[in-house]
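Below you'll find the structure, written out as structure tokens, and then a few comments.
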Amino acid sequence: MGERWTSKTGWTPTSWRNLPIQQVPAYPDAAALQTVETQLASFPPLVFAGEARKLKSALARVSTGEAFLLQGGDCAESFDEHSADNIRDFFRVFLQMALVLTFAGGSPVVKVGRIAGQFAKPRSSPTETMEGVSLPSYRGDIVNGITFTEEARIPDPRRQLEAYRQSAATLNLLRAFATGGYANLENAHRWMLGFVKDSPQSSRYQDVAERMSDALDFMRAIGINPETHQEVRTTDFFTSHEALLLGYEEALTRVDSTSGDWYATSGHMLWVGDRTRQADHAHIEYARGIKNPIGLKCGPSMTSEGLIKLIDQLNPENEAGRLTLICRFGAEKVGEHLPGLIRTVEREGRKVVWVCDPMHGNTIAAGRYKTRPFERVMTEIEGFFGVHRAEQTIAGGIHLEMTGKNVTECTGGARALTADDLQDRYHTYCDPRLNAEQALEVAFLTAELVKRERAEIVRPRLDAAE
């Protein structure tokens, strides 16, 4: 596709190709791959630079505690399960979670979905063995098929075209939901009341629900309603995914005509995973040159020295809202690993958003299924907030793998799902997800932590700055 130079110290959308790379599929036909990437480069952008800048500004407010980031969605999107109903169900639950966090937590919520692009998955091994047969690992629908056959597991570049088309269709529907009236505040409130009524923990959430109803009644009484105020019937919603399949990302990297900067147009926010964040490798090279908000997964192997080096590569101008650190340590390890990273970042004066991913460090085996106990998920979130409270820093958000469907993939929660229940509706293509009820429960419990943070850390800071 040719070299397209920028002023970023020799960076181009293709400069990642000159560096070592992890998690790259072994495509058998290089010419077919090149043909697909050339096609993608001619397709319209999926998102626009102005939208990415708007998200970056919102994340800058998250970094100071003036807003809270809710990021979530499928572990890996699939072609087979793509439907308007599934998108609607996810969006509806996500809106309810944001409403709970906004009202009970007392904080504006920045809404970012793992959706419309989250198709590729890193794997711990390049091959998978079943009953003595070894085949290439499933790397997400954008690369190969999940069926355990030799034909399905061959990486097929044409799948990238289908991923693009599905992302475009999903984005189209999400934009319609966000701006066409479906995101009406009163709708989200009504759905949330249904959850509270049906939940085994309804008494715990009833007070919040009643106070929310009173607030909406007051708003209506003074003339603030969906008919008179656009803010009540619309919402901002952004998309994100892991920047893993770099040929796809490169093809959708475009220059912004208003600024001359390069943006990934496959999603508003991209992140680099814990397995691909080597400082001198391809994924960091690609991410450093685009102007989108960037996420960086931080697991137990992340050192303070390594983190500062990566921050300087990804955010050399120390721009608020540019870099989000998505921490995934595990319930037992968050108190061991997080404090040192926070102290180093604070000492060096780096501007970042701190986010808790309580999913990836808490996966366990339950018979033939992988699961994530709800209690461990909440323990990591509580530990994350506890560390930030002790360090007097801002716990900026949560990053969840979740669905709007009534699946049985994570144990625990208000209905106390057990390992025996997993077989009932275990539908994930990859890792276990919180179901709709569990995700809302996380929102209610996290809102209490956000409210405490705002009272003890954020508000005193804002008052002191006035």
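Here the sequence shown is numbered in numbering that gives the first Met the number 0, starting from 0 and rising by one per residue. Where is the CB? At the ideal position from N, CA and C, for every residue including glycine.
Collapsed DSSP secondary structure at GLU455 in the structure displayed: Helix at GLU455.
Outcome for ASN143 when other beta-carbon atoms lying within 10 angstroms are tallied against a minimum of 16: Around the CB of ASN143, 16 or more other CB atoms lie within 10 Å, so the residue is classed as buried.
9 Å Cβ cutoff met for LYS55 and ASN317: No, the Cβ-Cβ distance between LYS55 and ASN317 is not below 9 Å.
Per-residue DSSP class, three states only, for ARG253: Looking at ARG253 - three-state DSSP - the assignment turns out to be strand.
Alpha-carbon spacing of ILE223 relative to PRO107, whole angstroms: Each residue's alpha carbon lies about 18 Å from the other.
Through-space distance from ALA40 to PHE472, alpha-carbon basis: Residue 472 is absent from the structure shown; the chain starts at 0 and stops at 465.
Pairwise C-alpha distance: GLU440 and GLY412: Their Cα atoms are separated by approximately 8 Å.
Where ALA330 falls: helix, strand or coil (DSSP): It is coil, neither helix nor strand.
Enclosing alpha helix (DSSP H) for HIS188 [first to last residue]: First-last of the alpha helix (DSSP H) with HIS188: 184-197.
Supposed close pair GLY396, SER265 - CB separation, criterion 8 Å: The C-beta separation of GLY396 from SER265 comes to about 22 Å, leaving the pair out of contact by the 8 Å criterion.
Touching by the beta-carbon criterion (3+ pairs, under 8 Å), the region 41-53 and the region 83-100: Short answer: they don't touch.
Per-residue DSSP class, three states only, for TYR368: Reduced to three states, the DSSP call for TYR368 is strand.
Length of the line joining the Cα atoms of ALA83 and HIS398: Rounded to whole angstroms, ALA83 to HIS398 spans 23 Å at the Cα level.
Three-way DSSP call (helix, strand, coil) for ALA286 in this model: Correct three-state label for ALA286: helix.
Cβ contact check for the region 215-235 and the region 157-168: 3 or more pairs under 8 Å: Contact fails: fewer than three Cβ-Cβ distances are below 8 Å.
Own chain, CB closer than 6 Å to ILE310, minus 5 neighbours either side, in chain order: Same-chain partners within the cutoff: ARG349.
Opening and closing residue of the alpha helix (DSSP H) in which HIS387 lies: In the DSSP annotation of this structure, the continuous segment of the alpha helix (DSSP H) that includes HIS387 starts and ends at 373-390.
Nonlocal neighbours in the same chain, by C-beta distance under 6 Å from ALA463, ignoring five residues either side: Annotation for ALA463: no residue places its beta carbon closer than 6 Å to its own, counting only its chain and skipping 5 residues before and after.
Stretch pair the region 97-105 + the region 444-458: three plus CB contacts closer than 8 Å: The way I'd put it, the region 97-105 does touch the region 444-458; three or more beta-carbon pairs between them come closer than 8 Å.
Straight-line gap, GLY382 to VAL352 (C-alpha atoms, nearest Å): For GLY382 and VAL352, the distance between alpha carbons rounds to 17 Å.
Span of the alpha helix (DSSP H), counted from its first residue to its last, around LEU416: Element bounds for LEU416: n/a, residue is neither H nor E.
Distance between GLY259 and GLU408 (C-alpha atoms, nearest Å): Distance between the alpha carbons of GLU408 and GLY259 is about 45 Å.
Span of the beta strand (DSSP E) around LEU18: Premise fails: LEU18 is in no beta strand (DSSP E) and is neither H nor E.
Distance, THR275 Cα to VAL344 Cα: One C-alpha to the other measures close to 21 Å.
Simplified DSSP assignment, three categories, for LEU448: In this structure, LEU448 counts as helix in the three-state DSSP scheme.
Secondary structure of HIS280, DSSP reduced to three states: It is coil, neither helix nor strand.
Straight-line Cα distance separating LEU172 from HIS426: The straight-line gap from Cα to Cα measures roughly 23 Å.
Residue range of the beta strand (DSSP E) that includes ALA263: Residues 261-263.
DSSP three-state assignment for GLN165, whether helix, strand or coil: In the structure shown, GLN165 sits in a helix (DSSP, three-state: H, G or I).
Three-way DSSP call (helix, strand, coil) for PHE47 in this model: PHE47 falls in the coil class under three-state DSSP.
Straight-line Cα distance separating ILE114 from THR11: Answer to the nearest angstrom: the Cα atoms are 26 Å apart.
Between the CA atoms of LYS53 and ALA59 - distance to the nearest angstrom: So the alpha carbons of these two residues sit roughly 10 Å apart.
Same chain, Cβ closer than 6 Å to ARG232, five either side skipped, listed in chain order: The answer, listed in chain order, is GLY180, ASN183, PRO225.
Backbone CA spacing between GLY298 and ILE283 [nearest angstrom]: Using only the alpha carbons, I get a separation of about 16 Å.
At least 3 beta-carbon pairs within less than 8 Å: the region 14-32 vs the region 235-249: The region 14-32 is in contact with the region 235-249.
Distance between PRO199 and LYS110 (C-alpha atoms, nearest Å): Inter-residue distance for LYS110 and PRO199 is about 27 Å (C-alpha atoms, whole angstroms).
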